[in-house]
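Enquirer:
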Amino acid sequence: HPFAGGGQPRDDGVPAAAAEALAAALGSADDYAAAELAAAAAAGGNPVIPWLAAARERVAGLDRSTALHAGLTSQDVMDSALMLLAQDALEAVAARAADAVGALAALAARERGTLCLARTLTQPALPTTAGLRIAQWAAGLDAARQRIAALLPLPVQAGGAAGTQAGYGLVAQPAEALAAALAAELGLADPGAPWQTNRQPVLDLAVACAGIAAAGQRIAGDVLIGARPEVGELAESGGGESSAMPQKSNPTVSVLLHRTGIQAPGALATIASAVGASIDDRADGAWHAEWPALRALLLDALTASRLLAELAAGLRVDAARMGANLEAAGPGVVGERLVHALRGRATRAQIQAALAAPNPQSALAALAGGADLAALLDPAGYTGRAEALTDRILHTLAPS
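Encoded structure:
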């Protein structure tokens, strides 16, 4: 246990030999019955209290046994232990997200000039490129990854019974040095002051986890649309099977990403509510409500990052199908360009009517006069700065 015996910094006044004896007597996590501790936790509101009772029995009679938990409170232990667990999880999430960003960036570069149909409010809009769309996915995921990286290392909790560090002063002076040493021993950050009821660090952590889930859901949404047979522009590597229909190849990774993104906001709302309800100098239930919600969010972030890495590594783009869908959308995809190019020859209403005609190309030809209609209707000539924007996004992605 990080707060017991040899886990405490050595400027706490406990001789090294005594600390080693205490640590040996305490044993490891396997020496404690987790189910019994969990059952007993309800009586005190957290599992530290029953664990401490069992631990004190183990060290009774040893030199400096009173040093166990000296100056600390259960919230110091719970919050710091939670930060240690969360830190391990976030490091894994950040690494997986970096892998996914790298794979998406490589795919965007390969598809830099691949024409496809942009859709706004579900309807055909303008020509764009697959490269730009995928680069935007990578940018969103990388922003979520950076949000996580900026939190690390997470803060230690070192406030004592009421957040004043009074008990720390009984153990060693100056008290703030003991708190800083504790942070260093655990590999956590020293925030400079306790945050027992200032729960913004927990909210920041929750937002970062939800951000990864949201980035995954956003990418999955596009893949699920693109993987529909009637669209056929995107495919996962090795789709899942149906239990009833042998012809199906389901985009299961994206389905699971979509699910994870849907469920994360509920846990985030619980955290936000708990942060706002953290009254006095230790919350009366709000602190406790954080634990299952934060556990769920950490699991969501771990799941989303793993699925994202898998999806990005195997995603396939069907450039021919993208081109066919763009062509099938008709000349309306360059309607904006036509209105500008044919001004003085035709009104917006006339062009709109021509685009809605049974044979829009003939109707447009009647309005075009001497304009090069074939060039105006070529979608490849109206992708704007799509390729330059792709390059810019890929250049500005943060290094892994």
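Numbering (full-length UniProt numbering), first residue to last: 1 to 400.
Note that the Cβ used here is the ideal one computed from N, Cα and C, for glycine as well.
Sorted by chain position, which residues of the same chain lie with C-beta nearer than 6 Å to I393's C-beta, five sequence neighbours on each side aside?
Expert: Start at 1 with the first residue of the sequence shown, and residue 393 comes out as number 393. Around I393: A135, A139.
Enquirer: Determine the burial state of T383: buried for a count of at least 16 other Cβ atoms within 10 Å of its Cβ, exposed for fewer.
Expert: Walking along the sequence shown from the start, residue 383 turns up at place 383. T383 is buried by the Cβ-count criterion.
Enquirer: Taking C-alpha atoms, which residue in L315, L72, L298, A274 lies nearest to T252?
Expert: Sequence index remark: in the sequence shown, residue 252 carries index 252 (1-based). Measuring from the Cα of T252, the nearest candidate turns out to be L315.
Enquirer: Only counting the same chain, and skipping five residues up and downstream in sequence, which positions put a Cβ closer than 6 Å to that of A175?
Expert: Taking the first residue of the sequence shown as position 1, residue 175 is located at position 175. Within the same chain, A175 has close Cβ partners Q165, Y168, G169.
Enquirer: Please return the same chain residues whose Cβ sits closer than 7 Å to the Cβ of L355, not counting the five positions on each side in sequence.
Expert: Within the sequence shown, residue 355 is the residue found at index 355, counting from 1. Counting only Cβ-Cβ distances below 7 Å, and skipping sequence neighbours, we find P331, G332, G335.
Enquirer: Just how far apart, CA to CA, sit T396 and R282?
Expert: As a working mapping, residue 396 is identified with position 396 in the sequence shown. As a working mapping, residue 282 is identified with position 282 in the sequence shown. Going from the Cα of T396 to the Cα of R282 covers about 43 Å.
Enquirer: Closer than 8 Å is the cut-off here; do at least three beta carbon pairs connect the region 29-37 with the region 70-83?
Expert: No, they do not touch.
Enquirer: Among S28, I262, E91, Q200, which has the Cα closest to the Cα of A220?
Expert: Working through the sequence shown from its first residue, we reach residue 220 at position 220. Nearest of S28, I262, E91, Q200 to A220, Cα basis: I262.
Enquirer: Do you know offhand how far residue 412's Cα is from A210's?
Expert: With the chain covering only 1 through 400, there is no way to say anything about residue 412.
Enquirer: How close, in whole Å, do the beta carbons of V93 and I212 come, if the pair is a contact with beta carbons under 8 Å?
Expert: Your numbering for residue 93 matches position 93 in the sequence shown. Your numbering for residue 212 matches position 212 in the sequence shown. With a Cβ gap of about 6 Å, V93 and I212 count as contacting.
Enquirer: Pull up the distance between the alpha-carbon of M322 and that of I351, whole angstroms please.
Expert: Numbered from 1 along the sequence shown, position 322 holds the residue referred to as residue 322. Numbered from 1 along the sequence shown, position 351 holds the residue referred to as residue 351. Using only the alpha carbons, I get a separation of about 26 Å.
Enquirer: Which whole-angstrom value is the C-beta distance of G102 and E387, which I expect to be below 8 Å?
Expert: As a first step, residue 102 is located in the sequence shown; it is residue number 102 there, counting from the start. As a first step, residue 387 is located in the sequence shown; it is residue number 387 there, counting from the start. The pair is not a contact, with the Cβ atoms about 20 Å apart (cut-off 8 Å).
Enquirer: Pull up the distance between the alpha-carbon of A181 and that of G192, whole angstroms please.
Expert: Here residue 181 corresponds to residue number 181 of the sequence shown, with the count starting at 1. Here residue 192 corresponds to residue number 192 of the sequence shown, with the count starting at 1. Taking the straight line from one Cα to the other gives about 12 Å.
Enquirer: Sort L141, L342, D204 by Cα distance to S305 and report the nearest one.
Expert: As a working mapping, residue 305 is identified with position 305 in the sequence shown. Comparing Cα positions, the closest option is L141.
Enquirer: Which class does L152 belong to by DSSP, given the choice of helix, strand or coil?
Expert: Here residue 152 refers to the residue found at position 152 when the sequence shown is read from its first residue. DSSP places L152 in coil when its eight states are reduced to three.
Enquirer: In this structure, does DSSP put T120 in helix, strand or coil?
Expert: On the sequence shown, position 120 is the one that residue 120 refers to. Strand at T120.
Enquirer: Can you tell me whether G129 is buried or exposed, with buried defined as 16 or more other CB within 10 angstroms of its CB?
Expert: The count along the sequence shown starts at 1 and reaches residue 129 at position 129. The sequence shown places Thr at residue 129, not Gly. T129 comes out buried.
Enquirer: Within the same chain, show all residues whose beta-carbon is closer than 7 Å to that of L186, passing over the 5 residues directly before and after it, in chain order.
Expert: In the sequence shown, residue 186 corresponds to position 186, counting from 1. These residues qualify, in order along the chain: P2, S80, L84, V156.
Enquirer: Buried or exposed: which applies to A244, given that a residue is buried once 16 or more other Cβ atoms fall within 10 Å of its Cβ?
Expert: Numbered from its first residue, the sequence shown carries residue 244 at position 244. Because A244 carries a pLDDT of 43, less than 50, the predicted location of this residue cannot be relied on, and the following value inherits that uncertainty. Counting Cβ neighbours within 10 Å, A244 comes out exposed, since fewer than 16 surround it.
Enquirer: Would you say L297 and A206 are within 8 Å of each other, going by their C-beta atoms?
Expert: Here residue 297 refers to the residue found at position 297 of the sequence shown. Here residue 206 refers to the residue found at position 206 of the sequence shown. Cβ atoms of L297 and A206: closer than 8 Å.
Enquirer: Spell out a yes or no on whether the region 15-27 and the region 54-72 are touching, meaning 3 or more CB-CB pairs, one atom from each, closer than 8 Å.
Expert: Yes, since at least three Cβ pairs between the region 15-27 and the region 54-72 fall closer than 8 Å, the two stretches touch.
Enquirer: Under 8 Å, do C116 and E233 count as touching if we go by C-beta distance?
Expert: For the purposes of this step, residue 116 is identified with residue 116 of the sequence shown, where counting begins at 1. For the purposes of this step, residue 233 is identified with residue 233 of the sequence shown, where counting begins at 1. Their beta carbons are under 8 Å apart, which means C116 touches E233 by this criterion.
Enquirer: Give the straight-line distance between the Cα atoms of P246 and G238, rounded to the nearest whole angstrom.
Expert: Residue mapping note: residue 246 aligns to position 246 of the sequence shown, counting from 1. Residue mapping note: residue 238 aligns to position 238 of the sequence shown, counting from 1. Low per-residue confidence applies at P246: pLDDT is 41, beneath 50, and the placement is therefore not dependable, though the value from the model is reported in the following sentence. Their Cα atoms are separated by approximately 14 Å.
Enquirer: Would A55 and A312 qualify as a contact pair, given that the criterion is a beta-carbon distance under 8 Å?
Expert: Taking the sequence shown and counting its residues from 1, the one referred to as residue 55 is at position 55. Taking the sequence shown and counting its residues from 1, the one referred to as residue 312 is at position 312. Cβ atoms of A55 and A312: not closer than 8 Å.
Enquirer: Can you tell which of W291, R228, L257 has its C-alpha closest to the C-alpha of A86?
Expert: Sequence index remark: in the sequence shown, residue 86 carries index 86 (1-based). Taking only the C-alpha atoms, the option nearest A86 is W291.
Enquirer: Under 7 Å Cβ to Cβ from Y32, same chain only, skipping five residues before and after it: list those, please.
Expert: For the purposes of this step, residue 32 is taken as residue 32 along the sequence shown, with counting starting at 1. Same-chain partners within the cutoff: W51, A54.
Enquirer: Secondary structure at T252, three-state DSSP: helix, strand or coil?
Expert: Position 252 of the sequence shown holds residue 252. Three-state result, T252: helix.
Enquirer: What runs of the alpha helix (DSSP H), each 4 residues or longer, lie entirely inside the region 272-345?
Expert: Those alpha helix (DSSP H) runs which fall completely within the region 272-345 and span 4+ residues are 286-314, 319-328, 335-341.
Enquirer: Taking only three categories from DSSP, how would you classify P379?
Expert: As a working note, residue 379 is residue 379 in the sequence shown. Helix.
Enquirer: Just to confirm, is the Cβ distance from L26 to A67 under 8 Å?
Expert: Here residue 26 refers to the residue found at position 26 of the sequence shown. Here residue 67 refers to the residue found at position 67 of the sequence shown. No, these two residues do not count as a Cβ contact at 8 Å.
Enquirer: Taking all protein chains shown into account, do 16 or more other C-beta atoms lie within 10 angstroms of the C-beta of S242, making it buried, or fewer, making it exposed?
Expert: To locate residue 242, count along the sequence shown from 1; it is residue 242. Note that S242 has pLDDT 45, beneath the 50 cutoff, so the model's placement of it is unreliable and the number below is only indicative. When all chains shown are included, S242 counts as exposed.
Enquirer: With respect to the alpha helix (DSSP H) encompassing E233, which residues constitute its N-terminal and C-terminal limits?
Expert: Position 233 of the sequence shown holds residue 233. Unbroken run through E233: none, as it is neither H nor E.
Enquirer: Buried or exposed: which applies to H340, given that a residue is buried once 16 or more other Cβ atoms fall within 10 Å of its Cβ?
Expert: The residue you call residue 340 lines up with position 340 of the sequence shown. Exposed.
Enquirer: Check each candidate in W287, A235, L268, Q217 and name the one with the smallest Cα separation from T260.
Expert: Taking the first residue of the sequence shown as 1, we reach residue 260 at position 260. If we check each option's Cα against that of T260, Q217 comes out closest.
Enquirer: Give me the Cβ distance between P201 and G159, rounded to the nearest whole Å; I'm assuming they're in contact under 8 Å.
Expert: As a position in the sequence shown, residue 201 is number 201, starting the count at 1. As a position in the sequence shown, residue 159 is number 159, starting the count at 1. In fact, because the Cβ distance is near 13 Å, the residues do not count as touching under 8 Å.
Enquirer: Using the C-alpha atoms, what's the distance from I49 back to S28?
Expert: One-based indexing of the sequence shown puts residue 28 at position 28. One-based indexing of the sequence shown puts residue 49 at position 49. Roughly 17 Å separates the two Cα atoms.
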